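A.B. asks: Residue numbers for the sequence shown, in this note's numbering: 11 to 334.
Yeah, the Cβ is synthetic: ideal placement off N, Cα and C, and Gly gets one too.
As the structure is a computational prediction, the values presented were derived from the model and not from experiment.
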Amino acid sequence: MIETLENTTITSKKAVFLKEVLTGLNSVPKTLPSKYFYDKIGDALFQQIMELDEYYLTQAEFEIFDQQKKQILQEFSPNGESFNLVEFGAGDGYKTKVLLKYFLSQKVDFEYIPIDISQNALDGLKKTLNQEIPDLNITPMQGDYFQVLDRLSHATSKKNIILFLGSNIGNFSPTESTKFLSQIRADINMGDHLMIGIDLKKDPAKILAAYNDQDGITAEFNLNLLHRINKELDANFNPEQFKHYPFYNPITGECKSSLISLQDQEVKIGNSTIHLSQWEPIHTEVSRKFSLKEIHDLAARCGFCITSDLSDRHGYFVDSIWKA
Ligand code: AVJ
């Protein structure tokens, strides 16, 4: 019985994946959804990306936490009140750990609630944190961000602090970000906080290098999408016939990644056949960069007040603290 249920879930997940891939590849221009980057191999490649010199985002946000953790705690808990620390898409916790350790050293009473769609990621995170920070009160929650948030804001009178780090907001279109952040605003209580990490507009060369590293890790990360489709959807992409090509538009702030077809080719996916012309792009990801003014407008549009903008010494990145 259980097996049947599980199989149904697996089958329908696969059906959704297939449908989204075919819809994207039948669009003009062709697109593939970036959320499918993150299978086991994609997770590991992103891990490697975060360690690259060119990928300044991680170091910048790490520096902000390391240098300004005292101020962050002061904003979250001015009178030492306890809170829930809810993180959306926690990943490996590399940056968050700085805050967790500091808060504990200051004897703050808080519960860390990482939320992720992937139970696998959460299990790994819980295991590492239990080893590294045994005193931490951690309650991972698997599921949709908003289900969990809704449960929390109704279940406790405790203050909620939401973390949405790493410039993950950059993957959303302007409409999607407004919708997502307004929904957070609607689900939390007066006085709750959101700390959002956002990559800033800067020298276009610096941005492009972050998405086109020397070692070709980002290229591998982008091409892994084709490998994954081959494995999971019975397709026959030849990844060698595609070139990773990122480009940055300083006006919109969009850094877009694409895969360019190196020749005329046909690809079979399940029962469908897709034609690609030579030099035809498949758009795979947007990583949008913001000006401070755009961040302030976004906060206002979604019903938040900004209480502070914390930046690294180069001014590459900002962790913006918003209050409901
Ligand atoms: C995890 C979505 C923030 O857009 O910078 C890194 C993903 N893509 N290199 C980003 C990514 C290519 C990353 N985010």
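Going along the chain, which residues of its own chain have a beta-carbon closer than 6 Å to the beta-carbon of Asp274, five neighbours each way excluded?
C.D. replies: Around Asp274: Ser287, Gln288.
A.B. asks: With distances taken from CA atoms, which of Lys45, Ser87, Ile270 is nearest Ile126?
C.D. replies: Note that residue 126 corresponds to Asp in the displayed sequence, not to Ile. The shortest Cα separation from Asp126 among Lys45, Ser87, Ile270 belongs to Lys45.
A.B. asks: Do Glu264 and Val296 have their C-beta atoms within less than 7 Å of each other?
C.D. replies: Yes, the pair counts as a contact, with Cβ atoms nearer than the cut-off.
A.B. asks: Report the rounded CA-to-CA distance for Leu139 versus Lys111, giving the unit in angstroms.
C.D. replies: C-alpha separation (whole angstroms): 10 Å.
A.B. asks: Give me the Cβ distance between Gly207 and Ser177, rounded to the nearest whole Å; I'm assuming they're in contact under 8 Å.
C.D. replies: Their Cβ separation, rounded to whole angstroms, is 6 Å, which keeps Gly207 and Ser177 in contact under 8 Å.
A.B. asks: Could you check whether the Cβ of Ile208 sits closer than 6 Å to any heavy atom belonging to ligand 1?
C.D. replies: Not under cutoff, so the answer is no.
A.B. asks: Is any non-hydrogen atom of ligand 1 found closer than 6 Å to the C-beta of Ile179, if you look at the structure I gave you?
C.D. replies: Incorrect: Ile179 has no Cβ contact closer than 6 Å to ligand 1.
A.B. asks: Using the three-state DSSP reduction, which class does Leu175 fall into: helix, strand or coil?
C.D. replies: Correct three-state label for Leu175: coil.
A.B. asks: Closer than 6 Å to a non-hydrogen atom of ligand 1 - does that hold for the CB of Thr228?
C.D. replies: Thr228: yes, Cβ under 6 Å from ligand 1.
A.B. asks: Rounded to a whole number of angstroms, what is the C-alpha to C-alpha distance between Leu210 and Ile148?
C.D. replies: About 31 Å.
A.B. asks: Measuring only the C-alpha atoms, how far is Asp319 from Trp332?
C.D. replies: So the alpha carbons of these two residues sit roughly 9 Å apart.
A.B. asks: One question on the structure: do Ser301 and Ile316 come within less than 7 Å of each other, judged by their Cβ atoms?
C.D. replies: Not closer than 7 Å, so no.
A.B. asks: What does the alpha-carbon distance come out to for the pair Asn232 and Gln57?
C.D. replies: Whole-angstrom Cα-Cα distance: 14 Å.
A.B. asks: By how many angstroms is the C-alpha of Lys266 removed from the C-alpha of Asn181?
C.D. replies: Distance between the alpha carbons of Asn181 and Lys266: 10 Å.
A.B. asks: Mapping the DSSP letters down to three states, classify Ile208 as helix, strand or coil.
C.D. replies: If DSSP states are grouped into helix, strand and coil, Ile208 belongs with the strands.
A.B. asks: What residue does the alpha helix (DSSP H) around His306 start on, and which one ends it?
C.D. replies: From DSSP, the alpha helix (DSSP H) with His306 extends over 302-311.
A.B. asks: Over what stretch of residues does the beta strand (DSSP E) that includes Thr294 continue unbroken?
C.D. replies: Residues 291-298.
A.B. asks: Measuring alpha carbon to alpha carbon, tell me which residue in Phe98, Phe120, Glu61, Lys107 is nearest Gly90.
C.D. replies: The shortest C-alpha separation from Gly90 is found at Phe120.
A.B. asks: Using 8 Å as the cut-off, can you tell me whether the segment 22-31 makes contact with the segment 184-193, which would need three or more C-beta pairs spanning the two stretches below that distance?
C.D. replies: They do not touch, by the three-pair rule.
A.B. asks: Over what stretch of residues does the beta strand (DSSP E) that includes Ser192 continue unbroken?
C.D. replies: Looking at the DSSP string, Ser192 is not in any beta strand (DSSP E); the run it does join, the alpha helix (DSSP H), is 184-197.
A.B. asks: Around the C-beta of Gly153, are 16 or more other C-beta atoms found within 10 angstroms, so that it is buried, or is it exposed?
C.D. replies: Exposed is the call here.
A.B. asks: What whole-angstrom Cβ distance do Ile217 and Val96 have, given they're in contact under 8 Å?
C.D. replies: Not really, about 30 Å apart at Cβ, beyond 8 Å.
A.B. asks: Please tell me whether, using a cut-off of 6 Å, the distance from the CB of Ser187 to the nearest non-hydrogen atom of ligand 1 is below it.
C.D. replies: No; taking the cut-off as 6 Å, the Cβ of Ser187 has no heavy atom of ligand 1 nearer than that.
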